[in-house]
Each structure stands twice: as C-alpha cells, then as structure tokens.
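Report on one structure; see the data block that follows.
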Amino acid sequence: MQTKVSDKSKELSLILESHFSGKMNRARIKFMALMIMALCKVQTVNFERLAQGFESSSKGESSLRRIQRFMAVYVLDMDLISRMIYSLLPHKPPYRLIMDRTNWQFGKSDINILVISIAYQGLSFPLIYKLIPGKGASHTHERIEIIKHYIRLFGGQSIKELLADREFIGNEWLNLLRQQKIKYHIRVLAHHGVMRYPKDWKRKARCLFSKVKVNQWKRLTPMYYINNSPCYLSALRFINDKGKVDLLIIASFELSKHPEKSYAIRWQIETMFRAFKTSGFNIEKTHLTQMDRIEKLLAIVCIAFIWAYLTGIYIDKKIKRIRLLKHGKKAKSIFKYGLDNIAQWLLNPYCQINTNPIKFLSCT
Numbered sequence: 001m002q003t004k005v006s007d008k009s010k011e012l013s014l015i016l017e018s019h020f021s022g023k024m025n026r027a028r029i030k031f032m033a034l035m036i037m038a039l040c041k042v043q044t045v046n047f048e049r050l051a052q053g054f055e056s057s058s059k060g061e062s063s064l065r066r067i068q069r070f071m072a073v074y075v076l077d078m079d080l081i082s083r084m085i086y087s088l089l090p091h092k093p094p095y096r097l098i099m100d101r102t103n104w105q106f107g108k109s110d111i112n113i114l115v116i117s118i119a120y121q122g123l124s125f126p127l128i129y130k131l132i133p134g135k136g137a138s139h140t141h142e143r144i145e146i147i148k149h150y151i152r153l154f155g156g157q158s159i160k161e162l163l164a165d166r167e168f169i170g171n172e173w174l175n176l177l178r179q180q181k182i183k184y185h186i187r188v189l190a191h192h193g194v195m196r197y198p199k200d201w202k203r204k205a206r207c208l209f210s211k212v213k214v215n216q217w218k219r220l221t222p223m224y225y226i227n228n229s230p231c232y233l234s235a236l237r238f239i240n241d242k243g244k245v246d247l248l249i250i251a252s253f254e255l256s257k258h259p260e261k262s263y264a265i266r267w268q269i270e271t272m273f274r275a276f277k278t279s280g281f282n283i284e285k286t287h288l289t290q291m292d293r294i295e296k297l298l299a300i301v302c303i304a305f306i307w308a309y310l311t312g313i314y315i316d317k318k319i320k321r322i323r324l325l326k327h328g329k330k331a332k333s334i335f336k337y338g339l340d341n342i343a344q345w346l347l348n349p350y351c352q353i354n355t356n357p358i359k360f361l362s363c364t
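Encoded structure:
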C-alpha cells in the first residue's frame, strides 16, 4: 500500500530535497521527513513509539518495518547531514569548536560517541560525530580523523578555536593542531608531566601553580612543553561541586588574555547532550548497538535538534517570550520551547503559532 503523507510532510520533504540536491533518493528523503516529524511528536527514539508518530495510512507495524529496514539497509551519507546543519547555523564563521564524548550502555554493549560541535549562546550544534569502540577515552588517531574530516568539509579557516576536556591531550594530537594552526584551550590533568624546554626533566603540571589560592587565576608567560608539544599554561584554583578544592589547568595554543573564559564555553556541549538524552529525544532508549545504525539514528536526531532550536529562537523573539520563573530563569530552554511548539503544531490541527516551523530548515 502506498503511504499517504500530509502537506506538512510533503513540505518538509521538499526542504530536505533542496539540501541534498539530487544526492539522495527521493523515497528516502520522504521517509526521513516522516521520521523527523515523528521524533518531534513522540520525543523518543524508541522505534515502536516512532512508528506510532508516522503520518501514514499504513498500520503501525508497517511503519515499524520501514524504520527497521532504513536502519538496517540504507547507506546514509553523513557528510550530507553535516553540510545541512552547517548551512543552518544561526551565526557566521569562524566558529568555536567543542570536542567531547558521550556514552551509555545497553545491556552489555557500550555506545561511545566522539563529537565535534559548534558553540552558540549556551548550547552547541552537533556537526560531525564518530562512534568509537569500547567505553573509554578516545585514541589520538580517532581525534585526528574527526578533526581532519571537519577541515575537509568546511576548511580550517572556519575554526576560531577548539575547546576540549583533559581527555584530549597527546603529543601527536597537539602537534597536529599546531601544524593546522588551530588555536585551542584544552584542560590538562594536574599530574600530567610538563617541561620548560624540549627533553628537559618533567614536573607535574600542578607544581607550577602550587602557590595559587582559591578563586585566583594565574597565567604563565613562558612557553612549556607537553609531550614535546609547545603550549602556554594557565590555572584556576576553585571549589568544585563536591565542595573540595580543585585545580583547573588549561593548555593553550598561544598566550591568551582570558583562556578561562574561552574554556568555560566548553560546557555548552553538555547542554546538547542533555537535549539528546533526558530533556529531548531520549537517545539512550534506543535498543540499537550496531555502530552504522546508531549513526543513522543520530543523523535524524541532529536534524530534529537544530530544527527545534531555530524554531525556539524565532518564537521566543518574534511571537511569544518564554515564561520567566520567579528567580528570573526561563521556564524552558530555547531548544525545548521550539520542540514543544513543533510537536503541538504537528499534533494539533487547531494549533496557531503564527508561523510555519518548516521554513526554519530552509537553506535560502
């Protein structure tokens, strides 16, 4: 039985087709439109729930089989998805890139995802991701591969700086960033060995900041070496979430006036991860464990994510402000506000939000 789709689904299909410009089968584009809309309705990646959200004259079992076939058989060009999201970013390059991992476990299987995202006003947009084996830290070759992938797609000139946590330290990795002239602010483990000169004796990084007091920031003007890679070091001593004194040490590509302010932006990727998980699409509810299938599912989630955010921005600025709580904090995030409005627009034929959310995915 041929699936009938609504005008909204047809319109979204046309928008996706304009992005993919003949590089994707039209039937696949129509299916992706149905799946993106279903995801925004049910706000979970559970296949049975997604099938219930499909706009189709077919039974739910038929929609479920279509989802399963797409995940199992279709080879999706992830570069098309990355380029689409890049074209929709609400600001112009150069961009602050954030590199981080998110992981969870389903049964005995570990799902471990290395991500490059673009920082923007309190959150970040997922651009390139790579599923990596195991549950531990990424390896140098995986980081190099994903940053080279970004450069191949968008060019090194589009990078303002790279922000990353202390996992992302290593000689070959830092040397690549220097060779590519990519500015960076990366956290360093307090016990990591540093040298004043190449082949000098190593000392623990924390020893350079032993006299720094709580809430005091110190920047070292001489260049130091981490694994034979030159960088500049700075540190802040602070009280962490557990009430204990901690030391934040940052390695930077060049001598910066306020590296701590740049590095602080790194947390924005955590907002994105929350949207993917508990506050948005419940990605951890998937029963998928095969890497290629999870990649395809993430592609759908990434498109839905930027659609929700762009919709939220517009409605908050142009139509109705997000309600403020007594302490002045917004009752919802921009992302959640947009997602809820899209869901209402899709589910309720009487919904009037005075705009068509699909236009926010247009590349024009």
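Residues in the sequence shown are numbered consecutively from 1, following full-length UniProt numbering.
Beta carbons: idealized from backbone N, C-alpha and C, even for Gly.
Since the model is a prediction, treat every value here as computed from it, not as a measurement.
- Kindly indicate which three-state DSSP category Phe70 falls into: helix, strand or coil? To locate residue 70, count along the sequence shown from 1; it is residue 70. It is helical.
- In the DSSP assignment, find the beta strand (DSSP E) that holds Ser234 and state where it starts and stops. Stepping through the sequence shown from its first residue, residue 234 is reached at position 234. Boundaries of the beta strand (DSSP E) harbouring Ser234: 229-239, taken from the DSSP string.
- Message: Checking 8 Å against the spacing of the C-beta atoms, do Leu248 and Leu162 come in under that value?
- Response: Along the sequence shown, one-based indexing puts residue 248 at 248. Along the sequence shown, one-based indexing puts residue 162 at 162. It is not a contact, given that the beta carbons lie outside the stated cut-off.
- Between the Cα of Lys318 and the Cα atoms of Ile306, Gly338, Asn228, which residue gives the shortest distance? Here residue 318 refers to the residue found at position 318 of the sequence shown. Ranked by Cα distance from Lys318, the options Ile306, Gly338, Asn228 are led by Gly338.
- Query: Helix or strand or just coil, what does DSSP make of Asp79?
  - Reply: As a first step, residue 79 must be located in the sequence shown, where it is residue number 79. Asp79: helix per DSSP, three-state reduction.
- Message: Can you give me the C-alpha to C-alpha distance between Val214 and Ile334, rounded to a whole angstrom?
- Response: As a first step, residue 214 is located in the sequence shown; it is residue number 214 there, counting from the start. As a first step, residue 334 is located in the sequence shown; it is residue number 334 there, counting from the start. Val214 and Ile334: Cα-Cα distance of roughly 34 Å.
- Item | Segments assigned beta strand (DSSP E), at least 3 residues, entirely inside the segment 110-137 | Considered as a whole, the segment 110-137 harbours 123-131 as its complete beta strand (DSSP E) runs of no fewer than 3 residues, in chain order.
- Message: I'd like the span of the alpha helix (DSSP H) that includes Thr140, first residue to last.
- Response: Taking the first residue of the sequence shown as 1, we reach residue 140 at position 140. Segment 140-154, the alpha helix (DSSP H) holding Thr140.
- Task: Output yes or no for whether 8 Å exceeds the beta carbon distance between Tyr86 and Leu298.
- Result: Here residue 86 refers to the residue found at position 86 when the sequence shown is read from its first residue. Here residue 298 refers to the residue found at position 298 when the sequence shown is read from its first residue. Using a Cβ distance threshold of 8 Å, Tyr86 and Leu298 do not count as a contacting pair.
- Give the straight-line distance between the Cα atoms of Gly291 and Leu131, rounded to the nearest whole angstrom. Counting from one through the sequence shown, the residue named residue 291 turns up at place 291. Counting from one through the sequence shown, the residue named residue 131 turns up at place 131. Here the sequence assigns Met to residue 291, which means Gly is not the residue at that position. Taking the straight line joining both Cα atoms gives about 6 Å.
- Item | C-alpha gap between Lys30 and Ser13, whole angstroms | Numbered from its first residue, the sequence shown carries residue 30 at position 30. Numbered from its first residue, the sequence shown carries residue 13 at position 13. So the two alpha carbons sit approximately 5 Å from each other.
- Note down, in chain order, each residue of its chain lying with its Cβ closer than 6 Å to the Cβ of Val194, except the 5 sequence neighbours on either side. If you number the sequence shown from 1, residue 194 lands on position 194. Non-local C-beta neighbours of Val194 in its own chain, meaning closer than 6 Å and more than five positions away in sequence, comprise Ala205, Tyr224, Ile226, ordered along the chain.
- Item | Residue interval of the alpha helix (DSSP H) (run including Leu297) | For the purposes of this step, residue 297 is taken as residue 297 along the sequence shown, with counting starting at 1. From DSSP, the alpha helix (DSSP H) with Leu297 extends over 291-314.
- Message: Can you look up residue 366 in the DSSP assignment and give me helix, strand or coil?
- Response: The displayed coordinates of the chain run from 1 to 364. Any statement about residue 366 would go beyond what the structure contains.
- Query: Which whole-angstrom value describes the C-beta separation of Asp347 and Lys41, a residue pair presumed to lie in contact below a C-beta threshold of 8 Å?
  - Reply: By one-based count along the sequence shown, residue 347 stands at place 347. By one-based count along the sequence shown, residue 41 stands at place 41. A small fix is needed here, since residue 347 is Leu in this sequence, not Asp. Going by Cβ atoms, the distance from Leu347 to Lys41 rounds to 6 Å, so yes, they are a contact pair.
- Message: For Ser82 and Leu177, which I take to be in contact (beta-carbon distance under 8 Å), what is that distance rounded to the nearest angstrom?
- Response: For the purposes of this step, residue 82 is taken as the residue at position 82 of the sequence shown. For the purposes of this step, residue 177 is taken as the residue at position 177 of the sequence shown. Actually they are not in contact, since the Cβ atoms of Ser82 and Leu177 sit about 20 Å apart, beyond 8 Å.
- Message: Mapping the DSSP letters down to three states, classify Asn225 as helix, strand or coil.
- Response: Sequence index remark: in the sequence shown, residue 225 carries index 225 (1-based). Before going on, a small fix: residue 225 reads as Tyr here, not Asn. Of the three classes helix, strand and coil, the one that applies to Tyr225 here is strand, per DSSP.
- So, helix, strand or coil for Glu161, using DSSP? Here residue 161 refers to the residue found at position 161 of the sequence shown. Strand, per DSSP.
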